[in-house]
Amino acid sequence: MKSIQNADDVWTADAWIEDAQTADAQTADAQTADATILQIDDRAVSAPELLSLLSQYQLLPKLRQEFLIDAAIAPFNCTPEEQSLCCQSFYTQHQLTAEGDRQTWLQQQGMTPTQLVHLATRQLRIEQFKQATWGNKLESYFLQRKSQLDQVVYSLIRVRDVNIAKELYFRLKANEQPFAELAQQYSQGPEAQTGGLIGPKAMSAPHPKLANLLRSRQPGQLSPPFRIEDLWVIVRLEQFLPAQLDESMQQRLLNELFALWLQDQLQKPSAIHLMAERH
Numbered sequence: 000m001k002s003i004q005n006a007d008d009v010w011t012a013d014a015w016i017e018d019a020q021t022a023d024a025q026t027a028d029a030q031t032a033d034a035t036i037l038q039i040d041d042r043a044v045s046a047p048e049l050l051s052l053l054s055q056y057q058l059l060p061k062l063r064q065e066f067l068i069d070a071a072i073a074p075f076n077c078t079p080e081e082q083s084l085c086c087q088s089f090y091t092q093h094q095l096t097a098e099g100d101r102q103t104w105l106q107q108q109g110m111t112p113t114q115l116v117h118l119a120t121r122q123l124r125i126e127q128f129k130q131a132t133w134g135n136k137l138e139s140y141f142l143q144r145k146s147q148l149d150q151v152v153y154s155l156i157r158v159r160d161v162n163i164a165k166e167l168y169f170r171l172k173a174n175e176q177p178f179a180e181l182a183q184q185y186s187q188g189p190e191a192q193t194g195g196l197i198g199p200k201a202m203s204a205p206h207p208k209l210a211n212l213l214r215s216r217q218p219g220q221l222s223p224p225f226r227i228e229d230l231w232v233i234v235r236l237e238q239f240l241p242a243q244l245d246e247s248m249q250q251r252l253l254n255e256l257f258a259l260w261l262q263d264q265l266q267k268p269s270a271i272h273l274m275a276e277r278h
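In numbering that gives the first Met the number 0, the protein residues as written are 0 to 278.
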């Protein structure tokens with residue numbers, strides 16, 4: 000073999016080696032791009048095709064959402080006892096109490112046992128994140144939302160003819176007929192099927208004009224006919240149910256705040272990019 004005699008020969012040898020390494024890298028990249036990374040039944044999917052399918056089926060935003068959640072809950076961990084309880088609950092929920100069933104499920108899902116534990120404990124870590132982020136803000140948020148969270152039960156009749164509305168009001172005022180009977184006979188809405196009775200409903204549910212009137216009424220008090228859009232409405236407040244910051248309400252508000260946070264995160268400019276294929 001000829002030995003390298005001078006600097007030019009050294010440069011030529013180095014350049015040849017570099018070109019060879021580049022060619023090998025390009026070949027490896029091409030092989031990787033064409034390689035199957037996912038097999039579903041008879042369908043083999045390569046890396047570029049998988050990215051294209053995620054985009055085509057609009058799964059990239061969902062993937063981004065899960066990335067955001069994972070980043071938020073990363074600092075939170077479960078104790079061994081919590082992990083065991085979460086896994087047992089997951090197994091029961093998905094009918095995976097037998098080891099063989101779990102192994103089959105893992106194969107079907109393409110998951111490892113470690114990933115299964117991560118999935119089973121994820122909701123608990125999300126709850127830990129909610130509590131750490133908004134737990135000390137629930138009381139003030141509850142007071143801010145209370146007027147919409149209070150509930151009411153009321154009876155309602157709605158008709159299109161103002162004269163019929165007045166006639167029905169006078170009958171009710173004089174106790175000539177029960178409210179339920181008149182509602183079944185005359186009301187032009189689904190409440191006719193329940194004798195005019197509606198609720199319990201959150202105060203945020205009725206039309207704002209109706210909600211304002213209900214707030215100003217006492218149980219049993221009948222309102223004269225008033226107009227909402229193209230209908231004339233007669234309403235009687237049956238029961239007012241003030242919202243309480245109990246355990247179920249706390250969970251509801253935590254879920255609400257989490258959903259608002261996630262929506263805000265997703266509305267920020269997207270950083271999703273499909274990388275161009277290398278040739």
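Beta carbons: idealized from backbone N, C-alpha and C, even for Gly. Computed from a predicted model, the values in this text were never measured in an experiment.
By a beta-carbon distance limit of 8 Å, C85 contacts A119. Their separation comes to about 5 Å.
Counting C-beta atoms within 10 angstroms of its own C-beta, K208 has fewer than 16 neighbours from the protein chains shown and is therefore classed as exposed. In the DSSP assignment, F225 falls within the beta strand (DSSP E) that extends over 225-227. Taken in chain order, the whole alpha helix (DSSP H) runs of length 4 or more contained in the stretch 57-129 are 59-72, 79-92, 98-108. In the three-state reduction of the DSSP assignment, S146 falls in the helix class.
By the Cβ neighbour-count rule, Y56 is exposed, with fewer than 16 other Cβ atoms within 10 Å of its own. Taken atom to atom, the span from the alpha-carbon of Q264 to that of L67 is near 8 Å.
According to DSSP, T35 shares a beta bridge with S45. In the DSSP assignment, K165 falls within the alpha helix (DSSP H) that extends over 161-172. In this structure, Y168 keeps its C-beta atom at 8 Å or more from the C-beta atom of L213.
When DSSP states are grouped into helix, strand and coil, L155 belongs to the strand group. By the neighbour-count definition (other C-beta atoms within 10 Å, threshold 16), D100 is an exposed residue. In the structure shown, E175 adopts coil according to DSSP, grouped into three states.
Per DSSP, the beta-bridge partners of R235 are S154, L221. By the criterion of a C-beta distance shorter than 7 Å, P223 is surrounded in its chain by Y168, once the five residues flanking it on both sides are discounted. L49 counts as exposed, since fewer than 16 other beta carbons sit within 10 angstroms of its beta carbon.
C77 and F128 have their C-alpha atoms spaced approximately 12 Å apart. By the Cβ rule, the stretch 181-195 counts as touching the stretch 141-158, because three or more pairs are nearer than 8 Å. Cβ-Cβ distances below 8 Å link Y140 to W133, L252, L256 in the same chain, with the five nearest sequence neighbours on each side left out; the list follows chain order. Nearest to Q217 by alpha-carbon distance, out of D229, R226, L137, V234, is V234. The beta carbon of A71 is closer than 7 Å to those of F128 in its chain, skipping five residues each way along the sequence. Distance between D229 and L196, taken at the CA atoms: about 21 Å. Rounded to whole angstroms, P74 and R124 show a C-alpha spacing of 9 Å. In the structure shown, P189 falls within a helical segment according to DSSP collapsed to helix, strand and coil.
With 16 or more other CB atoms across the displayed protein chains lying within 10 angstroms of its CB, L171 is buried. The Cβ atoms of P241 and D160 do not sit closer than 8 Å to each other. Here G198 is buried. Its C-beta has 16 or more other C-beta atoms within 10 Å.
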